[in-house]
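Contents: one structure, followed by commentary.
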Amino acid sequence: MSFFLCVVYLSVLGILSFFVGRLLPKRWFHADAFPFRAFSWEQDGRIYKKLFVHKWQNKVPDMSRILPHMMPPKNLSGNYRCRLPRMLQETCVAECIHVLNCIVGLYCLKILPGIGGMIITFLYIVLFNLPYILIQRYNRPRLQRLADRSSQAKNTEEGACLHARATTQLQYR
Numbered sequence: 004m005s006f007f008l009c010v011v012y013l014s015v016l017g018i019l020s021f022f023v024g025r026l027l028p029k030r031w032f033h034a035d036a037f038p039f040r041a042f043s044w045e046q047d048g049r050i051y052k053k054l055f056v057h058k059w060q061n062k063v064p065d066m067s068r069i070l071p072h073m074m075p076p077k078n079l080s081g082n083y084r085c086r087l088p089r090m091l092q093e094t095c096v097a098e099c100i101h102v103l104n105c106i107v108g109l110y111c112l113k114i115l116p117g118i119g120g121m122i123i124t125f126l127y128i129v130l131f132n133l134p135y136i137l138i139q140r141y142n143r144p145r146l147q148r149l150a151d152r153s154s155q156a157k158n159t160e161e162g163a164c165l166h167a168r169a170t171t172q173l174q175y176r
């Protein structure tokens with residue numbers, strides 16, 4: 004019975020955490036602030052290449068594919084520049100929710116004491132949360148670099164456009 008209770012608890016936790024993640028104000032999350040900013044030992048996400056995150060990240064279940072109408076798209080097609088800030092915030096939200104799930108998932112040890120509870124808790128953390136945390140930590144620095152380059156390019160384009168407009172206006176005066 005305790006095993007069943009533990010599985011139900013973790014299932015309900017997973018479902019509730021999805022909705023909590025959707026309801027949290029995105030303005031609370033900043034990719035360039037602690038704890039979401041890349042730590043120096045992460046080498047701007049390159050450390051995760053050694054864990055082959057780039058090879059398996061698209062093979063794990065993704066709620067944006069399961070419930071596409073409830074989550075913003077994660078692709079970089081079309082005019083992605085305007086979506087980058089939101090995508091960065093979404094990586095922070097996802098990481099936060101999965102870290103919280105790891106912590107709250109430890110309650111299974113109370114529901115099912117002993118080796119059974121330890122195995123379920125370990126599997127829940129390692130299979131259902133840790134991969135997603137690694138994916139966010141791998142992708143966020145890459146998205147941040149892209150956002151920085153896009154911002155610089157946009158400023159350069161706007162500056163060039165403003166200069167061209169000003170030059171044109173001077174010529175016609």
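In the numbering used here, the protein residues as written are 4 to 176. The beta carbon of each residue, even a glycine, is placed where N, CA and C say it ideally should be. Here the structure is a predicted model, which means the values were calculated and not measured.
Query: Contact under 8 Å by Cβ, H101 with N61; Result: no
Query: Contacting residues, own chain, Cβ-Cβ under 8 Å from G17 (five flanking each side not counted); Result: N104 and F131
Query: Per-residue DSSP class, three states only, for I78; Result: Note on residue identity: the sequence assigns Asn, not Ile, to residue 78. Note: N78 maps to coil in three-state DSSP.
Query: Cα-Cα separation, A97 to M4; Result: 31 Å
Query: Beta-carbon proximity check, Y141 vs G48, cutoff 8 Å; Result: yes
Query: Cα-Cα separation between Y12 and S67, rounded to whole angstroms; Result: 23 Å
Query: Range covered by the alpha helix (DSSP H) that runs through W59; Result: V56 to W59
Query: Candidates I122, I106, Q155 and C99: closest to A34 by CA position; Result: C99
Query: Neighbourhood of T124 by C-beta, 7 Å cutoff - its chain only, sequence neighbours within 5 removed; Result: G108, L109, C111 and L112
Query: Buried/exposed call for C9, threshold 16 Cβ in 10 Å; Result: buried
Query: DSSP state of D151 mapped onto helix, strand, coil; Result: helix
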